[in-house]
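*Asks:*
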Amino acid sequence: MSEPIIVFDKVAKAYGNFVVIDQLDFKVERGEKVTIIGPSGSGKSTVLRILMTLEKISDGVVYVGGEPLWHEKKNGGLAPAGEAHLRKMRSQLGMVFQQFNLFPHMTVLRNLTEAPRVVLGLSAADAKARAEELLELVGLTEHAHKFPNQLSGGQQQRVGIARALAMRPKVMLFDEPTSALDPELVGEVLTVIRRLASEHDLTMLMVTHEMRFAREISDRVCFFDKGRIREEGTPEEIFGNPKEERTRQFLSAVLDGA
Amino acid sequence: MHWMDYLGPLSEGALVTIQLTVFSTILGAILSFAFGIGKLSRNWLIRGFSIGYIEIFRGTSLLVQLFWLYFALPIAGDAIGINLRLPAVVAGILALGLNIGAYGAEVVRGAIEAVSRNQYEAATALNFSGRQALWRVILPQAIPEMMPSFSNLAVQNLKDTALASLITLSDLALKAEQLRNYTQDSTTIYTIILFMYFGMALVLSLLMRLIETSVSRWRGVRR
Amino acid sequence: MLFGYEWDTSHGELAFAISILPMLLRGLVVTIQASLLGFFVAMVLGLLLAVLKSAPSRLVSWPAAFVTEFIRDTPLLVQLFFLYYVLPDYGIVLPAFLTGALALGIQYSAYTSEVYRAGIDAVERGQHEAAKALDLPPRRTFTHVVLPQAVPRVIPALGNYLVSIMKDVPVLSVVTVLEMLNVAKIIGDQTFNYLVPLSMVGGLYLIMTLVASALVRYLDVRLPKRGIPLR
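If you want it as structure tokens, here you go:
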């Protein structure tokens, strides 16, 4: 059994006195599809943002691919990571945002080719080929030369997924990918994510409120509350037979209200 | 003299005014980006220098800056043994450019800061370096926001070139003053140049509007 | 010798600087006076222009708009020369100081008129309609409903123009007004040391604009955003 691709070791994150994540121990194995559920403010998105280096940690160590993320090994000990180390580590991760965050001044194609060309140094032709492959994967080939503001929310998010995949990350992070979409557009995005989950051994870590979808594609579900993992297990265990009272409370509120 | 005879010398002056405007505005634009971006730098030295430049050139009068560069700088130069006697045209362009660069820097900084945080995060997620993110993602979105203010600053700069006549540059204002001295026909001459400046300002505004339109294709949809 | 003070050129730079400080401060006083007077003129003329521009009759509003734009797009220096040389030809002879303040006021009235218009427009349309529903007569609507809400909004912008006017006062030196820059230039012409006086003027300007800006910000904070309370 190879080592986990992601390890949180007693990680804490606080904004001043407000503690978002509290002594978190968390692991994700290679190729595993993990979904994080929980109430707002529980710290779920923060876990993703820490991995994507968008947030610093206050305490503990995060490991990606066996190496520390926010620290680098120096003189036999651990020192806070410099920009070069962060960039090296970041290349293993990709993120899909709730608000899509596409570059509005670039066409769909350019959104997909810009980073591979500028950051990875791919030639224009290679980047274009890769982009076209991905556009086919997400079903948007005819829209290659449109601008984001000409696309629907669901289409934009699919471009967002393709854009992240273009960098060939080992781990894909999905931060509430469908929460900002009109209900009828949610399905097309989930279809793409479902395909990704079944056809690739990408490690996937997703934060979502789509419980049915989580149940369908996850290997493991974690219930987060107040900055800690309250309960985790297979989808059957969590959704079918939750052990903790808090988990039961949350699930009944979400599933009944939905 | 018939008023039409004035047009010849005045046009020579107008040409100088236009040249002053063009060169100083270009210098100002370069300084605006340099110091506007500099003020956002994480390097405290660059940031401090940028803030200093902006505060000094926005906080003091343009005419004072102009006179300082033309009259005082040579003396400072003598004290340290370098010849800093700037020709009037250099002092003029430099003063105007430095002045408008400081105002423009604040415009640049404001527009960059106005670009949504989400764009920075998307760029980081894709592993762009800070510089790559700035030039390829942030600036193209910030520049359309800067244009209306830049337009105003350009016209302001055109008006300010008239001050260069006070350090002997043969621009429109100086030519007018010379003609007035010669003919005492104040009303006609000054009315003509007021309309000439007005005309130049309108042309400049139109030019800026054209630039604004062509960069607005970089504008994104506000979510 | 200037304003009754002597400068001291024989004991080094610092002594020189100290000796000319009183003269520069006299100039500073003139600068402030010219700024305030110019600002006052700009406020009054600007209000007039703003009212004319909002007039229902196009015969009034269009020329007013044209005049405003014309003033905005022409240099202060030229406007100043125009007033200084042309007015006497028509029998109006003003002291240079007043001509200067008038020129400043005219130049900035174009800007202040825009500030007034923006401030008045910003008071929500709904306020006009509410006042109408309550059957308030138009004049009272304006003075008791619109103005008290418009004033806090325009003060910061107008205040910033006061600071700009201060920076434009040196232009008045061309018509012999003894403001700060002119004083420095005279000292420089006579002692051949321009560096010290001009640098001091620069420093004094920085202080003046910083203080004025702080005052404007203070006023902005102190004025209630929802409008001046009326009992």
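Chains as they are written, first to last, in our numbering: chain A, 2 to 259; chain B, 12 to 234; chain C, 112 to 342.
Yeah, the Cβ is synthetic: ideal placement off N, Cα and C, and Gly gets one too.
Whose C-alpha, out of A:Leu186, A:Glu245, A:Phe27, A:Lys244, is nearest the C-alpha of Gly228 of chain A?
*Replies:* When each option's Cα is compared against that of Gly228 of chain A, the closest is A:Phe27.
*Asks:* Quick check on the burial criterion: 16 or more other C-beta atoms within 10 angstroms. Buried or exposed for Val322 of chain C?
*Replies:* Exposed.
*Asks:* Counting Cβ pairs closer than 8 Å, one from the segment 76-87 of chain B and one from the segment 139-158 of chain B, do we hit at least three?
*Replies:* Result no; under three Cβ-Cβ pairs closer than 8 Å.
*Asks:* Along chain F, which residues have their Cβ under 9 Å away from the Cβ of Ser310 of chain C?
*Replies:* Chain labels in this structure do not include chain F; the protein chains are A, B and C.
*Asks:* Measuring CB to CB, does Glu66 of chain B end up less than 8 Å from Leu55 of chain A?
*Replies:* Against a cut-off of 8 Å, the Cβ pair of Leu55 of chain A and Glu66 of chain B comes out as no contact.
*Asks:* Could you please tell me which residues of the segment 47-58 of chain A, in chain order, have their CB closer than 8 Å to any CB of chain B?
*Replies:* Answer in chain order: Met53, Thr54, Leu55.
*Asks:* Under 8 Å, Cβ to Cβ, is there at least one residue of chain A near Ser140 of chain B?
*Replies:* By this cut-off, Ser140 of chain B is an interface position.
*Asks:* Determine which residues of the segment 188-221 of chain C have a Cβ less than 8 Å from any Cβ of chain B, and write them out in chain order.
*Replies:* Against chain B - using a Cβ distance shorter than 8 Å - the residues of the segment 188-221 of chain C are Leu188, Val189, Gln190, Phe192, Phe193, Tyr196, Val197, Asp200.
*Asks:* When the cut-off is 8 Å and only beta carbons count, does Gly70 of chain B lie next to chain C?
*Replies:* Judged by the 8 Å Cβ criterion, Gly70 of chain B is in contact with chain C.
*Asks:* How big is the Cα-Cα spacing for Arg234 of chain B and Ile37 of chain B?
*Replies:* Note that Arg234 of chain B scores 34 on pLDDT, short of 50, meaning its location in the model is unreliable and no value can be drawn from it.
*Asks:* Please determine, among C:Gln190, C:Leu213, C:Arg169, C:Leu198, the residue with the shortest C-alpha to C-alpha distance to Phe151 of chain C.
*Replies:* With distances taken between Cα atoms, Phe151 of chain C lies closest to C:Leu213.
*Asks:* By DSSP, does Phe9 of chain A sit in helix, in strand, or in coil?
*Replies:* Strand at Phe9 of chain A.
*Asks:* With 8 Å as the threshold, decide whether the Cβ of Arg128 of chain B is near any Cβ in chain C.
*Replies:* So no, Arg128 of chain B is outside the interface.
*Asks:* What's the gap between the Cα of Asp60 of chain A and the Cα of Gly17 of chain A?
*Replies:* Rounded to whole angstroms, Asp60 of chain A to Gly17 of chain A spans 13 Å at the Cα level.
*Asks:* Taking one C-beta from the segment 300-320 of chain C and one from the segment 168-176 of chain C each time, how about it: are there three or more such pairs within less than 8 Å?
*Replies:* Touching, no, given that fewer than three Cβ pairs across the two stretches are closer than 8 Å.
*Asks:* Would you report the Cα separation of Val255 of chain A and Glu30 of chain A, rounded to the nearest angstrom?
*Replies:* C-alpha separation (whole angstroms): 28 Å.
*Asks:* If you follow the beta strand (DSSP E) that Tyr64 of chain A is part of, which residue opens it and which one closes it?
*Replies:* 60-65 is the extent of the beta strand (DSSP E) around Tyr64 of chain A.
*Asks:* Excluding the five sequence neighbours on either side, which residues of its own chain have a C-beta within less than 7 Å of the C-beta of Val238 of chain B, listed in chain order?
*Replies:* Nothing about residue 238 of chain B can be read from this structure; chain B reaches only from 12 to 234.
*Asks:* Among residues of its own chain, excluding the 5 on either side of Gly83 of chain A, which ones have a beta-carbon nearer than 6 Å to its beta-carbon?
*Replies:* Answer for Gly83 of chain A: no residue qualifies.
*Asks:* With distance defined between alpha-carbon atoms, name the residue in A:Phe98, A:Phe225, A:Glu237 nearest to Glu217 of chain A.
*Replies:* Checked all of A:Phe98, A:Phe225, A:Glu237; the closest Cα to Glu217 of chain A is A:Glu237.
*Asks:* Give a yes or no on whether the minimum CB-CB distance between Phe46 of chain B and chain C is below 8 Å.
*Replies:* No, its Cβ sits nowhere closer than 8 Å to a Cβ of chain C.
*Asks:* Give me, in chain order, the residues of the same chain whose beta-carbon lies closer than 8 Å to that of Ser181 of chain B; leave out the 5 immediate sequence neighbours on both sides.
*Replies:* For Ser181 of chain B, where only same-chain residues beyond five positions count, the Cβ hits under 8 Å are Glu23, Gly24, Val27.
*Asks:* Might you give, ordered along the chain, the residues of its own chain that have their beta carbon closer than 7 Å to the beta carbon of Gln93 of chain A, omitting 5 neighbours on each side?
*Replies:* So the qualifying residues of the chain are Val65, Gly66, Pro170, Lys171, Val172.
*Asks:* Any C-beta of chain A within less than 8 Å: which residues of the segment 145-159 of chain B qualify?
*Replies:* Cβ contacts with chain A come from Arg147, Val148, Pro151, Gln152.
*Asks:* Can you give me the C-alpha to C-alpha distance between His86 of chain A and Leu166 of chain A, rounded to a whole angstrom?
*Replies:* Near 21 Å, if we compare the C-alpha coordinates of Leu166 of chain A and His86 of chain A.
*Asks:* Name the chain B residues whose beta carbon is nearer than 7 Å to that of Asn76 of chain A?
*Replies:* Correct list: empty, because the minimum Cβ distance to chain B is about 25 Å.
*Asks:* Taking 8 Å as the threshold (beta carbon to beta carbon), is Thr135 of chain B in contact with chain A?
*Replies:* Yes, because at least one Cβ of chain A sits closer than 8 Å to the Cβ of Thr135 of chain B.
*Asks:* Between the beta-carbon of Val189 of chain C and the beta-carbon of Val226 of chain C, is there less than 8 Å?
*Replies:* No; because the gap between Cβ atoms is not below 8 Å, this pair is not in contact.
*Asks:* Three or more beta-carbon pairs under 8 Å between the segment 298-310 of chain C and the segment 129-138 of chain C, yes or no?
*Replies:* The segment 298-310 of chain C, when compared against the segment 129-138 of chain C, does touch it at the 8 Å Cβ threshold.
*Asks:* Where does Thr36 of chain A fall in DSSP's three states?
*Replies:* Thr36 of chain A: strand per DSSP, three-state reduction.
*Asks:* How many angstroms separate the CA atom of Thr235 of chain A from the CA atom of Phe104 of chain A?
*Replies:* Each residue's alpha carbon lies about 37 Å from the other.
*Asks:* With distances taken between CB atoms, is the gap from Leu186 of chain A to Ser153 of chain A smaller than 8 Å?
*Replies:* Yes. Within cutoff.
*Asks:* Enumerate, from N- to C-terminal direction, the unbroken alpha helix (DSSP H) stretches of 4 or more residues contained entirely within the segment 296-321 of chain C.
*Replies:* The segment 296-321 of chain C contains no whole alpha helix (DSSP H) run of 4 or more residues.
*Asks:* Does DSSP classify Leu113 of chain C as helix, strand or coil?
*Replies:* Strand.
*Asks:* Report yes if the CB atom of Ala132 of chain A is closer than 8 Å to the CB atom of Thr114 of chain A, and no otherwise.
*Replies:* For Ala132 of chain A and Thr114 of chain A, yes; Cβs fall inside 8 Å.
*Asks:* Comparing alpha-carbon positions, which option in B:Ser43, B:Leu221, B:Ser197, B:Ile29 lies nearest Glu117 of chain B?
*Replies:* Comparing Cα-Cα distances from Glu117 of chain B to each of B:Ser43, B:Leu221, B:Ser197, B:Ile29, the minimum goes to B:Ser43.
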